[in-house]
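Since the structure comes first, as structure tokens, the remarks are kept for the end.
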Amino acid sequence: MERTSCRGCIGRETMCGPEAGYIGEGGTDCFRSSDGRYRREALTTLRTGPSEVNQLENAVKRVLLQQRDTTSRIIHARQVLVREAITVFGLHTTSKGEWSIAGLVLPSPDAFRCEFRWIKAQLTFAVHPSASINGAISHTIHLLSLITSYLSITLPFVPTPPPPLSLPHVGRTLVKANTPFLGTTKWRDKHVLWMSSTASIPTKIRGRDYSSKVTQPAAAANIITKSMTKHRQFLTSFALLSFSVAYLAWSQGVPGIGIREEDVRDESDEESSRPASREADSPSAVLISATSILELIHALSVSPTLGQKAHEPGAITMLKHLGFGLDVAKVVQIVLTAEENRWGTKTADGPGDQSEGWDLLDAEG
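Counting from 1, position 154 in the sequence shown corresponds to residue 154 in full-length UniProt numbering; the numbering is continuous, with no gaps.
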């Protein structure tokens with residue numbers, strides 16, 4: 001049988017054909033031989049090299065490493081920004097142990113009213129004027145807006161900037177409920193966070209009656225009634241803000257946040273009944289009061305887990321909307337109770353009505 005070869009093998013010593021085990025004629029034999037060789041080489045490469053599954057796994061590992069590195073950088077940036085902001089606002093304690101911001105003291109809620117005392121036959125007051133307290137709260141809200149923005153945290157009750165001139169409460173901050181983050185239907189209206197300048201007007205003076213020298217009894221009663229209503233609304237707004245700051249500190253791993261159970265009447269919100277946190281379960285374990293706003297902000301700045309939890313991507317743990325065990329109703333109640341215990345204000349049966357018995361305290365007692 002005569003040998004046949006393809007055009008590519010003409011002139012070579014070894015040519016393809018039937019002797020080489022190929023059948024067919026023309027240029028098809030050499031092409032088939034070349035395809036087989038390529039297949040064998042590809043099969044050998046697949047056997048000795050990494051598989052597609054391994055390549056995919058390695059690619060996923062590289063992406064995860066890059067993501068962890070990016071998350072670590074974001075957390076570090078958050079920590080630096082929060083701590084620098086707190087430093088800029090001058091958050092520190094005074095010689096009396098009170099917390100101040102930008103040089104203004106933000107006292108505990110029971111000290112919001114001015115205490116009148118007789119010292120050397122002179123009437124002195126305005127230990128913490130309303131203008132000073134409003135200024136401290138304004139600085140605190142400004143600082144909170146920066147911190148929550150840096151940490152990507154949404155508060156249960158969000159303080160909003162003052163409304164435009166066309167709306168009521170000009171220049172006064174409003175506290176608005178953030179519905180998805182609340183487990184209660186209470187306090188969902190807007191609340192004005194502003195201390196009235198008439199919150200410190202006394203209703204009676206122990207041993208001395210100077211009210212007639214200041215104003216007529218009917219006019220004084222009207223002023224006092226409005227003052228009590230405004231001040232109670234302000235205290236409620238402050239309690240809602242305190243709850244939000246406590247939530248913020250809890251989200252950043254601050255331990256021991258709570259209130260003393262014996263100081264609060266059992267009037268918690270039934271709709272928001274949920275498992276309490278460890279801090280709320282053990283009053284003896286409470287290290288920071290939920291109403292100590294500036295102390296809570298300072299505590300979160302030194303927390304080792306600062307920036308690791310957020311409501312948006314870029315953190316190690318994504319926070320859920322609910323889960324904070326502190327009852328907002330109890331926070332509101334502790335603020336109002338502190339007011340009643342110190343100043344003698346009592347809540348009547350009707351909503352918003354109070355009877356009040358303030359005394360001027362002598363310096364001796």
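Every residue, glycine too, gets a C-beta built ideally from N, C-alpha and C.
Whole-number beta carbon distance between residue j and residue i, since they are thought to touch under 8 Å
| i | j | result |
| --- | --- | --- |
| Ile86 | Ser301 | 5 Å |
| Leu235 | Glu339 | 6 Å |
| Leu326 | Ala290 | 6 Å |
| Trp250 | Phe157 | 14 Å between Cβ atoms; not a contact. |
| Leu151 | Val82 | 7 Å |
Through-space distance from residue j to residue i, alpha-carbon basis
| i | j | result |
| --- | --- | --- |
| Gln252 | His76 | 14 Å |
| Arg172 | Val335 | 21 Å |
| Thr94 | Ser72 | 35 Å |
| Ile293 | Ser242 | 6 Å |
| His191 | Ser138 | 15 Å |
| Leu56 | Leu65 | 14 Å |
| Trp187 | Lys96 | 34 Å |
| Thr140 | Val63 | 40 Å |
| Leu43 | Glu52 | 14 Å |
| Trp99 | Glu295 | 7 Å |
| Arg3 | Asn54 | Interpretation of Arg3 is limited by its pLDDT of 49, a score under 50 that renders its predicted location unreliable; no figure is taken from the coordinates. |
Neighbourhood of residue i by C-beta distance below 6 Å, restricted to the same chain and skipping five residues each side
| i | result |
| --- | --- |
| Gly135 | Leu104 |
| Met195 | Ser130, Ile133, Asn134 and Phe234 |
| Lys230 | Ser196 |
| Leu193 | Thr173, Val175 and Ser237 |
| Thr160 | Leu174 and Lys176 |
| Ala239 | Val331, Val332 and Val335 |
| Gly314 | Ile74 |
| Gln79 | Leu306 and Gly307 |
| Val328 | Phe243 |
| Glu312 | Ser152 |
Nonlocal neighbours in the same chain, by C-beta distance under 8 Å from residue i, ignoring five residues either side
| i | result |
| --- | --- |
| Leu143 | Ala85, Ile86, Phe89, Leu91, Ile101 and Ile297 |
| Thr148 | Thr154, Leu155 and Leu248 |
Residues of its chain near residue i, where Cβ-Cβ distance is below 7 Å and the 5 sequence neighbours each way are ignored
| i | result |
| --- | --- |
| Thr317 | Gln308 and Lys309 |
| Ser244 | Leu155, Pro156 and Phe157 |
| Leu146 | Ala85 |
| Pro107 | Glu98 and His128 |
Neighbour flag for residue i against chain C, beta carbons, 8 Å
| i | result |
| --- | --- |
| Ser289 | The structure shown contains no chain C; it holds only a single protein chain. |
Starting from the N-terminal side, write out each stretch of the beta strand (DSSP E) that is 3 residues or longer and does not extend beyond the region 61–138.
99–101, 117–119 and 122–124
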